[in-house]
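Colleague:
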Amino acid sequence: MTAESVDEPTETPAPATTPQQRQRRIHPAWIVALVALIALIGAAGFRAAPGVLMLPLQEEFGWTTAELSLAVTVNLLLFGLTAPFAAALMQRFGIRAVTVTALFVIGAGAALSVFVATPAQLILTWGVLIGLGTGSMALVFAATITDTWFATRRGLVSGVLTAGSATGQLIFLPVIAVAAEDIGWRGASLIIAGGALAVVPLVWIFLRNRPSDLGVTRYGDTGPLVVAPRPKGSAWGAARLAITTLRDAARTKTFWALAIGFAICGATTNGLIGTHFIPSAHDHGMPTTTAAGLLAVVGIFDIAGTVFSGWLTDRVNPRILLAAYYALRGVSLLFLPSLLSAEVQPSIVVFIVIYGLDWVATVPPTIALCREVFGDRGPLVFGWVFASHQIGAGIASVLAGLVRDHTGQYTVAWFAAAGLCAVAALVSATIRRHPAPVQSPVTSD
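Right under this line is the structure:
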């Protein structure tokens, strides 16, 4: 398998420290994790935008819901399909360089979107540019940071980073909704661009590619310090590693079980709730800013749910957690059509709380299973599993738009999503756990 050429790593004793130093010193892994969290939040702005900006664009240009959903679908697909290649590029060129480039691409896509006048131009900016940028800052970024910098507390760290990504997306909602009303959707797009670019200096200064760059071991690693050599090879070699990893993983039933479950996860989060909850609530007479505020509350409870899921993942069989999460989500979606109204009722608040706790709680156990079954290729395999997440989201986004255009409401879409969650729960319950295979060093021509 090929992607990069490396010399044999060398081991040196870890620097001696006194007990007082060990107690007081903050391990650099936590600083890297904090910067990664801020970067994920900064990159999340656009993923909050479609649900808020679809209505202003329809009013100005007269485009259909399906036309707008197509741009979102292109974004969601590239968001997912870019992830495994981004993980391989991070191995080749380093986490920092790929992250900074991704933030610049997101900022450019959001800024250029203010000039769109046709659906095709919207697809180029919203879909292609921002899709590629956010795809490189996808949850595979969180998996790479976790595996590279932490030997213990991985479930907790992946839970926190995942919460940051999803919560940043939802916290931006009220800001974008107010900006769209006060200064127009173009001003809201520029706010998104500014949010992505503002994080660049922080990433460039504080984010490091690997622990050995700072002369330390991973957090919780009791072994000797491994000085990692500079990776060699080409971008094509990195892409080839991503493809061969998919080929090998696709031969296992576990990969397909994870991919099917995660596709349904994407369909019922980004594809439906993230894209169509606000238009659906608006159909029932609810103001856009109120609906955006409800989704922001999802983000608040997502923090608690995902961090707690990460904590549980370190202690409970991940497949049991996945089955429970999908089952709970399906039950809540069954009730959604009867809960929407012009005003915020206690029942819709209960739905928002439950959906928030479950929003991306599936990510920590999924990352853990990828690591357990596929060893040091776990982040790359998770990249492909995450690609299925976005494929599911993209398909759901378009189909829900078509359902709305043809029936005048979203009810069929919500019920179909509930049924899919039942499928995901059953598939997840069948996943078998395996010991991680021993991996040989990755080499390339």
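Numbering (our numbering), first residue to last: -8 to 436. Backbone N, C-alpha and C define an ideal beta-carbon position, used for all residues, glycine too.
Please identify the residue among A333, L48, V107, A352 whose C-alpha is closest to the C-alpha of G257.
Modeller: Among A333, L48, V107, A352, the Cα nearest to that of G257 is on A352.
Colleague: Quick check: the Cα distance between T109 and P41, rounded to an integer number of angstroms?
Modeller: Distance between the alpha carbons of T109 and P41: 16 Å.
Colleague: Specify the secondary structure class of Y346 as computed by DSSP and reduced to three states.
Modeller: Three-state DSSP puts Y346 in a helix.
Colleague: Distance, Cα to Cα, R16 vs I22?
Modeller: So the alpha carbons of these two residues sit roughly 12 Å apart.
Colleague: Going by the beta-carbon positions, is the gap between A20 and F141 smaller than 8 Å?
Modeller: Result yes, Cβ atoms of A20 and F141 sit closer than 8 Å.
Colleague: Assuming S127 contacts T73 under a Cβ cut-off of 8 Å, what Cβ separation, rounded to an integer in Å, is found between them?
Modeller: Yes, S127 and T73 are in contact; Cβ-Cβ is about 6 Å, under 8 Å.
Colleague: Looking at the structure shown, is Y317 part of a helix, part of a strand, or coil, going by DSSP?
Modeller: In this structure, Y317 counts as helix in the three-state DSSP scheme.
Colleague: Would the beta-carbon of L324 fall within 8 Å of that of C412?
Modeller: The answer is yes: Cβ separation under 8 Å.
Colleague: By Cβ distance below 7 Å, which residues in the same chain neighbour D349 in space, the five residues on each side in sequence not counted?
Modeller: Contacts found: G296, Y316, L319, R320.
Colleague: Could you check whether the Cβ of V23 sits closer than 7 Å to any heavy atom belonging to the ligand GTP?
Modeller: The ligand GTP is absent from the structure shown, which contains no ligands of any kind.
Colleague: If you scan the stretch 288 to 342 from start to end, which runs of the alpha helix (DSSP H) of 4 or more residues do you find wholly inside it?
Modeller: 309 to 330, all fully within the stretch 288 to 342.
Colleague: Just checking, does the stretch 381 to 400 make contact with the stretch 60 to 68 on the three C-beta pairs under 8 Å criterion?
Modeller: Yes, since at least three Cβ pairs between the stretch 381 to 400 and the stretch 60 to 68 fall closer than 8 Å, the two stretches touch.
Colleague: If contacts are defined as beta-carbon pairs under 8 Å, then L263 and A404 qualify, I think. What distance do you get, rounded to the angstrom?
Modeller: About 6 Å separates the two Cβ atoms, so the contact holds.
Colleague: Decide yes or no for the touch test of the stretch 183 to 202 against the stretch 95 to 104: beta carbon pairs closer than 8 Å, at least 3 of them.
Modeller: Flag = yes, the stretch 183 to 202 and the stretch 95 to 104 touch.
Colleague: Here's the rule: buried if 16 or more other CB atoms are within 10 angstroms of the residue's CB, otherwise exposed. What is L327?
Modeller: L327 should be labelled buried.
Colleague: With contact counted as at least three CB pairs below 8 Å, one residue from each stretch, are the stretch 25 to 36 and the stretch 188 to 207 in contact?
Modeller: Judged by Cβ distances under 8 Å, the stretch 25 to 36 makes contact with the stretch 188 to 207, as three or more pairs qualify.
Colleague: Whose C-beta lies closer than 8 Å to the C-beta of T245 among residues of the same chain, with five residues either side of it excluded?
Modeller: L360, V364, I422, R423, H425.
Colleague: If you check the beta carbons only, do A134 and F292 fall under 8 Å apart?
Modeller: In this structure, F292 does not lie closer than 8 Å to A134 by Cβ.
Colleague: Let me confirm a value: V340 is counted as buried when at least 16 other C-beta atoms fall within 10 Å, else exposed. Which label applies?
Modeller: Exposed.
Colleague: Assign R238 to one of two classes, buried (16 or more other C-beta atoms within 10 Å of its C-beta) or exposed (fewer than that).
Modeller: So R238 counts as exposed.
Colleague: Note down, one range per segment and in chain order, each alpha helix (DSSP H) of at least 4 residues found wholly within the stretch 127 to 161.
Modeller: The qualifying runs are 130 to 140.
Colleague: Among A102, T139, L48, which has the Cα closest to the Cα of G85?
Modeller: Nearest C-alpha to G85: T139.
Colleague: Thinking G122 and P355 are a contact (beta carbons under 8 Å), I'd like their distance in whole angstroms, please.
Modeller: G122 to P355, Cβ: 25 Å. No contact.
Colleague: DSSP has Y210 in a bridge; who is on the other side?
Modeller: According to DSSP, which records beta bridges pairwise, Y210 is partnered with F141.
Colleague: With H, G and I counted as helix, E and B as strand and the rest as coil, what does DSSP make of M81?
Modeller: Three-state DSSP puts M81 in a helix.
Colleague: Put V380 into one of helix, strand or coil per three-state DSSP.
Modeller: In the sequence under discussion, the amino acid at residue 380 is His, which differs from the Val named in the question. Helix, per DSSP.
Colleague: Report, in whole angstroms, the separation of the C-beta atoms of F470 and A233, which I expect to be a contact under 8 Å.
Modeller: Residue numbering for the chain in the displayed model covers -8 to 436; residue 470 lies beyond these limits and cannot be assessed.
Colleague: Would V289 and I343 qualify as a contact pair, given that the criterion is a beta-carbon distance under 8 Å?
Modeller: Yes, these two residues count as a Cβ contact at 8 Å.
Colleague: Are A240 and W375 touching if we call contact CB-CB under 8 Å?
Modeller: Yes. Within cutoff.
Colleague: Quick one: what's got a C-beta closer than 6 Å to A409's C-beta in the same chain, skipping five residues either side?
Modeller: G321, L324, L325.
Colleague: Can you tell me whether R370 is buried or exposed, with buried defined as 16 or more other CB within 10 angstroms of its CB?
Modeller: The sequence given here places Pro at residue 370; Arg does not occur at that position. By the 10 Å Cβ count, P370 comes out buried.
Colleague: Taking 6 Å as the limit between beta carbons, can you name the residues of its chain near R362, skipping five residues before and five after?
Modeller: Counting only Cβ-Cβ distances below 6 Å, and skipping sequence neighbours, we find G369.
Colleague: So, for S431: in the same chain, excluding its five sequence neighbours on each side, which residues have a beta-carbon less than 6 Å away from its beta-carbon?
Modeller: For S431, the pLDDT reaches just 40, beneath the cut-off of 50, and the residue's location in the model is therefore unreliable, leaving the point undetermined.
Colleague: Measuring only the C-alpha atoms, how far is A230 from R242?
Modeller: Whole-angstrom Cα-Cα distance: 19 Å.
Colleague: Should L205 be labelled buried (16 or more other beta-carbon atoms within 10 Å of its own) or exposed?
Modeller: L205 comes out exposed.
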